[in-house]
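J.: Before anything else, here's the structure in question.
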Amino acid sequence: MASLLKVSSFISPLHHKLNYVSFSPKFNHVSVRNERWNAPSITVKAQTAVEGDVINNESLSSNEQSDYGVVSVHHVGILCENLERSLDFYQNVLGLKINEARPHDKLPYRGTWLWVGSEMIHLMELPNPDPLTGRPQHGGRDRHTCIAIRDVSKLKAILDKAGVPYTLSRSGRPAIFTRDPDANALEFTQIDD
Numbered sequence: 001m002a003s004l005l006k007v008s009s010f011i012s013p014l015h016h017k018l019n020y021v022s023f024s025p026k027f028n029h030v031s032v033r034n035e036r037w038n039a040p041s042i043t044v045k046a047q048t049a050v051e052g053d054v055i056n057n058e059s060l061s062s063n064e065q066s067d068y069g070v071v072s073v074h075h076v077g078i079l080c081e082n083l084e085r086s087l088d089f090y091q092n093v094l095g096l097k098i099n100e101a102r103p104h105d106k107l108p109y110r111g112t113w114l115w116v117g118s119e120m121i122h123l124m125e126l127p128n129p130d131p132l133t134g135r136p137q138h139g140g141r142d143r144h145t146c147i148a149i150r151d152v153s154k155l156k157a158i159l160d161k162a163g164v165p166y167t168l169s170r171s172g173r174p175a176i177f178t179r180d181p182d183a184n185a186l187e188f189t190q191i192d193d
């Protein structure tokens, strides 16, 4: 479905000039963390009329368009009202470490970079444009950052000891959803190596 949305957003500006559009889905084997999945690959064929010229059967493969060298997620930016309060949660409850190599004083607002494996969370002390109340109780039904962990039961004990509320995954898989002091949703999902 995500591929269809990406393709449709590409076609949308040309919509009024299209004579026809056909989608040709095919399934390719994709490896994700040592698992093989069949994932859709969408090819779009569009016939367009542009200033009297007709381009017949121009193929636009979503794989070709998006091959710009994605490596990984580098960091996730999270807004906070009070940096010290957020650091207390992220460092003292979750055990994340500050990346001292990242500049803390080069930006026009206060912030800190925290290591999450080889990626980072950038805490930014900025006004949050989103409402803090009225969010879904279960963080999996809200925008959230997902962190892969090795033992959900150990994190559950840590959150219980700290008095941090959470919900378990409704699908039964080993995952916990919680919120930081600024109501940002966090998912912790257990992975097997």
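Heads up: the sequence shown begins at 1 in full-length UniProt numbering, then just goes up one per residue.
Just so you know, even glycine gets a beta-carbon here, dropped at the ideal spot from N, CA and C.
Measuring only the C-alpha atoms, how far is TRP113 from GLY77?
T.: 9 Å
J.: According to DSSP, is VAL164 part of a helix, a strand, or is it coil?
T.: coil
J.: Are the stretch 111 to 126 and the stretch 159 to 172 in contact at 8 Å, needing three or more beta carbon pairs?
T.: no
J.: Looking at C-beta atoms only, is the number of pairs between the stretch 122 to 137 and the stretch 70 to 87 that lie closer than 8 Å three or more?
T.: yes
J.: How far does the alpha helix (DSSP H) with ARG85 in it reach, from first residue to last?
T.: Here the alpha helix (DSSP H) through ARG85 covers 83 to 87.
J.: Which residues bound the beta strand (DSSP E) around ILE147?
T.: 144 to 149
J.: Output the distance between the C-alpha atoms of ILE176 and GLY134, rounded to the nearest integer angstrom.
T.: 20 Å
J.: Compare the C-alpha of ARG85 against each of ARG110, HIS75, SER171, SER72 and name the closest.
T.: ARG110
J.: What number of angstroms, rounded off, separates the C-alpha of ASN92 from the C-alpha of ASP192?
T.: So the two alpha carbons sit approximately 25 Å from each other.
J.: Just tell me which of CYS146, GLY69, ALA183 has its CA closest to the CA of PRO136.
T.: For PRO136, the closest of CYS146, GLY69, ALA183 by C-alpha to C-alpha distance is ALA183.
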